[in-house]
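Counting from 1 along the sequence shown, just add 479 to a position and that's the residue number in my numbering.
Ideal Cβ positions, reconstructed from N, Cα and C, are used throughout, including at glycine.
Given the structure is predicted, the values throughout are model-derived calculations rather than measurements.
Beneath this line is the structure, given in structure tokens, with notes to follow.
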Amino acid sequence: MHPPITQEIEMAAYETTRHHAATGSAARIGTMFTTAVGAFAAWNDTRQTRKALASLTDRELDDIGLHRGDIDAVTRRF
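Have a look at this one:
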């Protein structure tokens, strides 16, 4: 019986990196858009939190350890 025939194949690989001005600009625009969306989402969360706290009665605010004057300070932390 003959031993199995094996064949080794060498493979070559190369890598190129090309930076186009359009790609860089598109990435910057994408980053700016993502940042703007994140800022809007954070602003909206703060607005909704402030609105929810403002709708509570003084008794309810007292139950969670807040006073009406604390609402702005609390929502600024977020």
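CA-to-CA distance, residue j to residue i, given in whole angstroms
i    : j    : result
G548 : R538 : 14 Å
T554 : T536 : 17 Å
T514 : S504 : 15 Å
G509 : Q527 : 27 Å
L532 : V516 : 24 Å
G544 : S534 : 15 Å
L540 : I550 : 9 Å
H546 : R507 : 43 Å
N523 : R556 : 14 Å
I511 : D542 : Sequence inspection shows Met at residue 511; the Ile mentioned does not correspond to that position. If you take the alpha carbons of M511 and D542, they lie about 41 Å apart.
Residue range of the alpha helix (DSSP H) that includes residue i
i    : result
D551 : I550 to R555
L540 : D537 to D542
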